[in-house]
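Everything on this sheet refers to the single structure shown next.
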Amino acid sequence: MPSDLPPLILPPLTDPAPPGSRVVRTDDGVDLHVEFDGPESAPVTVLFSHGFTARLAEWELQRLALRDRYRLVFWDQRGHGRSAATPLHDATIDRTGRDLGQVLDAAVPSGPVVLAGHSMGGMSIMALARQRPELFGTRVVGAFLMATSAGGLVESGLLGRLLKIVRRLHLLPVYLRVLQLVAPLMERFRWRGSPFGRWFTRRFLFGNRADADRTSVRLVQGLLEETPFPVTAAFYATFLDHEEYGSLPVLARVPVTVVAATHDRLTPAAHGRRLAAEIGPGAELVMVQGAGHSVNLTRTDVVDRALLDLLDRVQQQLRQAG
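For the sequence shown, the working numbering assigns the number 904 to the last residue and increments by one with no breaks.
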């Protein structure tokens, strides 16, 4: 059953940024919003990467569970939340992996770090592992991969066939250019808070009938609809092409927890099982029955326990090594 915690209320983006927030400017000039919590003297820092079309506030319940014991760092991925807009051709997992590395360098310049990622955030971690493998086992000492995939999300059906055509004809730049041209019109006529949006959110972001109440569905719908539609559409193109299985041996150097949900329709549970299997013995798989893609909001107690258990494993390994 879902967690009995009170409903989560997120501050609107129109509110001032919290005290202590900072901006990390990437090497291509995009300003990324970063927030901090927890004691600076903590033995381990946890760096959180949120999911597609969400923002760092989606981790608010995990922030409450960990803030007394660990140093916490949160960031909004490019084009999301308080971070600056991204050129549409840079709305890719390869780029968010580089962004994550630059946030790590700037916001956590020293000490052991555990990377936690939900959905697109987990994909960003895998991209970073491919790009900068030297970090894993040295600076990065653990990874928490929740409701995510290393690739193959669309391999069949109509979308799969369309993807093969786009690849063969090299049409992705054309797609992105069209998005850029029609972006103002798309945003002007976008209907936020619609009944169809609620149906879509309930259908694809939550699990079985007991998984969510109306308040949770509306909260997640609001998060999804904050991200400009052209950014959403641009990132969607990169999900179709996402493949990071080659990075998993790098992640195998550190303790990993993979959280998958049995009713996740966006990153099905089979992807979590394959992730854990290919990472190997250092990966623990937590399968959450009945939950959907927003598992950290509807099964908060299970996710918090899995993350705390991972941090215990990491600290035990650090003590043994040190």
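Glycine included, each C-beta is placed from N, C-alpha and C at the ideal position. Note that the structure is a prediction, hence the values are computed from the model and not measured.
Taking the Cα positions, Gln897 is about 28 Å away from Gln659.
For Thr839, the enclosing beta strand (DSSP E) stretches over residues 838-843. According to the DSSP assignment, Ser631 belongs to the beta strand (DSSP E) that extends over 627-631. Every unbroken stretch of the beta strand (DSSP E) spanning 3 or more residues and falling wholly within the region 647-676 is given here in chain order: 653-657. Residue range 695-700 is occupied by the beta strand (DSSP E) that includes Leu697.
For Phe618, the uninterrupted beta strand (DSSP E) segment begins and ends at 613-619.
Counting along the chain, the unbroken beta strand (DSSP E) around Arg604 starts and ends at 604-607. Taking 7 Å as the cut-off, the beta carbon of Arg664 is found no closer than this to the beta carbon of His700. Here Ala903 is exposed. Its C-beta has fewer than 16 other C-beta atoms within 10 Å. In the structure shown, Ala725 falls within a strand segment according to DSSP collapsed to helix, strand and coil.
In the DSSP annotation of this structure, Ala639 is not part of any alpha helix (DSSP H), being labelled neither H nor E. If you ignore the 5 residues before and after Leu900, its C-beta comes within less than 7 Å of the C-beta of Pro694, Val723, all in its own chain and listed in chain order. Pairing Ala794 with Ala639, the inter-Cα distance amounts to about 18 Å. Assigned with DSSP and collapsed to three states, Val690 falls in coil, not helix or strand. In this structure, the alpha-carbon of Trp781 lies about 14 Å from that of Arg847. Remark: C-beta atoms of Trp641 and Phe618 do not approach each other more closely than 7 Å. If you look at Glu866, you'll find it in the beta strand (DSSP E) that goes 865-870. The Cβ atoms of Ala834 and Ile861 sit closer than 7 Å to each other. In the displayed model, Gly734 falls within coil according to three-state DSSP, outside both helix and strand. Going by C-alpha positions, Gln684 is about 18 Å away from Gly633.
Look at the region 758-803 and you find these whole runs of alpha helix (DSSP H), each 4 residues long or longer: 777-787. Looking at the DSSP output, Phe811 bridges to nothing.
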